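Everything below concerns the one structure shown next.
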DNA sequence: CGGAATCCGCCGCGATACTG
DNA sequence: CAGTATCGCGGCGGATTCCG
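Chains as they are written, first to last, in my numbering: chain A, 172 to 299; chain B, 172 to 299.
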């Protein structure tokens, strides 16, 4: 994956687009993307329903994030020209694939949440 | 993990600290953390060496991110009181554990990198 | 060498108002 | 209902300077 190495044989993480890791992180790093992806694992859902389930997200950010996810091929957007309009979002095949490793990560974090909080308290105690 | 559901049986993602996912994302979410963690999988390394390997990171961000990782118990910091000072960072046991699911995620992203870029081009072509 | 401290630009993101 | 458009500020993070 990362072939570039320095004189000590250690990997170098390039700035550019070629670094796959950076491309992932930009999505994962965005808190809303992950929550939206996970919400859609419960099945297809409508705009305002997602909005109410992902607490705290603004209309602006939901629209924008869904667009990005659609653009990357993780989410499918379907418009039903009723009155009023109905728009349903669902995971694509690739979207469902992405959620798998993502889920393992979240699961790990959930299990280690206490250990992390404990470590923090210890650290903050030392530094005061 | 997430027990709260709405009338349709779909999960609700609370704003608060109770949502494990949100806690994960804030840690792993930022681009620098992941790159630093991965760089340390090649073995312990010094401050400026990491800085040169993670391209584009500023001194400020490297220091800050390393502190956060140390605080959460993912990274160990050891000072060698030589002249000039030498500081070596390495993954803790928990840090190594974290990298595993993280690696699967990155691996997935690497494999699907082309598909994502292709989807993007198709999307951008439509919207123009 | 490995930081800490300060300053500051810019843009992410929320709030609000308006449309098809 | 599901968006777009516009404005405004808060804070992330880069650049610079100084220190043990």
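By construction, the Cβ of each residue, glycine as well, lies at the ideal position given by its N, Cα and C atoms.
From a predicted model like this one, the values you see are computed outputs, not experimental measurements.
Practice problem: Leaving aside the five residues before and after residue 222/B along the sequence, list all residues of the same chain whose C-beta is less than 8 Å from its C-beta, in chain order. | Solution: Hits under 8 Å: 228, 230 and 233.
Quiz item: First and last residue of the alpha helix (DSSP H) that includes residue 292/B?
Solution: For residue 292/B, the enclosing alpha helix (DSSP H) covers residues 284-298.
Self-check item: Same chain only: Cβ atoms within 8 Å of residue 211/B, ignoring 5 sequence neighbours per side
Solution: The beta carbon of residue 211/B lies closer than 8 Å to those of 221, 246, 260, 261, 262 and 266 in the same chain, with the five residues before and after it left out.
Exercise. Consult DSSP for residue 258/B and reduce its assignment to one of helix, strand or coil.
Key: Note: residue 258/B maps to strand in three-state DSSP.
Practice problem: Please classify residue 280/B: is it buried, with 16 or more other beta-carbons within 10 angstroms of its beta-carbon, or exposed? | Solution: By the beta-carbon neighbour count (other beta carbons within 10 angstroms, threshold 16), residue 280/B is buried.
Quiz item: Straight-line CA distance for residue 182/A to residue 175/A?
Solution: The alpha-carbon atoms of residue 182/A and residue 175/A are separated by roughly 6 Å.
Practice problem: Classify residue 283/A as buried or exposed, calling it buried when 16 or more other Cβ atoms lie within 10 Å of its own Cβ. | Solution: That one is buried.
Exercise. Would you tell me roughly how many angstroms separate the C-alpha atoms of residue 286/A and residue 203/B, rounded to the nearest one?
Key: A direct Cα-to-Cα measurement between residue 286/A and residue 203/B gives close to 22 Å.
Quiz item: Along chain B, in chain order, which residues have C-beta atoms closer than 9 Å to that of residue 206/A?
Solution: Chain-ordered, the chain B residues with CB closer than 9 Å to the CB of residue 206/A read 184, 190, 192, 193 and 196.
Exercise. Counting only the same chain and skipping the five closest in sequence on each side, list residues whose C-beta sits under 8 Å from that of residue 270/B.
Key: Taken in chain order, the residues that qualify are 208, 209, 212 and 262.
Quiz item: Roughly how far, in whole angstroms, is the beta-carbon of residue 258/A from the beta-carbon of residue 291/A, given that I think they are within contact range, below 8 Å?
Solution: About 41 Å separates the CB atoms of residue 258/A and residue 291/A; that is not less than 8 Å, and the two are not in contact.
Practice problem: Give the DSSP-derived three-state secondary structure of residue 218/A in the structure shown. | Solution: Residue 218/A: helix per DSSP, three-state reduction.
Quiz prompt | Under 9 Å by beta carbon: chain B residues contacting residue 177/A | solution = Within chain B, the residues near residue 177/A are 220, 223 and 224.
Exercise. Taking residue 262/B as the query, report the chain A residues whose CB atoms sit under 7 Å from its CB, ordered along the chain.
Key: The premise fails here: residue 262/B is roughly 14 Å from chain A at the closest Cβ pair, so nothing lies under 7 Å.
Self-check item: Among 296/A, 240/A and 226/A, the one whose alpha carbon lies nearest that of residue 177/B
Solution: Taking the Cα of residue 177/B as reference, the smallest distance to any Cα among 296/A, 240/A and 226/A is reached at 226/A.
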